[in-house]
Every structure is written in structure tokens, then in C-alpha cells.
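Numbering (our numbering), first residue to last: 37 to 144. Working notes for the structure below.
Next up, the structure:
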């Protein structure tokens, strides 16, 4: 069983973005220091998965996470949500003890 997951809605959005940019449908999730709660999520399209990445696949779209970031997001689900406030990828992270209103920053 994978330690990270991508919802079908997020997979469709990654595929849509990747098609427009002419890139493979590979979403890289990483964690960086910063943000209002200590850590922040970073999303990028990747050309390839690295050999030590954790990889999850949904509807042919891959979500890849490096080993250091995986320690902070293990068990997470990445979703894509659209609301009146805009559209964004959202991480449901069971390891986050604190978060912020923007949803892109968390604390452990």
C-alpha cells in the first residue's frame, strides 16, 4: 500500500496541466521550511520520478515524493478543490498538528 495518494479530481487536474505544458503527468510534492506554520507544500510537474521517490498512481497520473518530504507527509492524500476562493491542490496530512487558513502551510 502506498504511503501517499492522489484523488481522482487531483489526477484529472494534473493531467490537464501536463497536457497544456507538454510534460508527463507526474506531480512532485515536496516540503520546504517556511510558511506561516513552519513548513509549506510545494507542487511541481516532474519530468521523471527519481529512484528513491515514493510513487503513487491514480488514473495514470503519478504523484512522487522525495524521502525527506515523505517523512512529513506519509499517509497524506492530495486533492484538487475548487471554491469561490479559487482552485488549488490541497494536502490532507494526518501528521500536521497545526495549519493555517491558506492550506499550504503546516506544523508538526
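Virtual Cβ for every residue (Gly too), placed ideally from N, Cα, C.
Please check the pair residue 145 and residue 112, which I expect to be a contact at CB under 8 Å, by giving their CB distance rounded to whole angstroms. There is simply no residue 145 to check, as the chain begins at 37 and stops at 144 in what is shown.
If distances are taken between C-alpha atoms only, which option among 58, 133, 63, 41 comes closest to residue 86? Ranking the options by Cα distance to residue 86, first place goes to 63.
Out of 49, 39, 42, 109, state which residue places its alpha-carbon closest to the alpha-carbon of residue 118. Here the closest residue by C-alpha is 49.
To the nearest angstrom, how far is the alpha carbon of residue 58 from that of residue 133? So the two alpha carbons sit approximately 37 Å from each other.
Just confirm the distance between the C-beta atoms of residue 83 and residue 60, as a whole number of angstroms; I'd bet it's less than 8 Å. That belief holds up - the Cβ atoms of residue 83 and residue 60 are roughly 6 Å apart, short of 8 Å.
Please state whether the Cβ-Cβ distance between residue 116 and residue 43 is less than 9 Å. Going by C-beta atoms, residue 116 is nearer than 9 Å to residue 43.
For residue 51, the first and last residue of its enclosing alpha helix (DSSP H): Unbroken alpha helix (DSSP H) run through residue 51: 44-57.
Can you tell me where the alpha helix (DSSP H) with residue 108 in it begins and where it stops? From DSSP, the alpha helix (DSSP H) with residue 108 extends over 103-109.
Can you tell me whether residue 126 is helix, strand or coil according to DSSP? Residue state, collapsed to three classes: strand.
Return the first residue and the last residue of the beta strand (DSSP E) that residue 68 is part of. In the DSSP assignment, residue 68 falls within the beta strand (DSSP E) that extends over 62-69.
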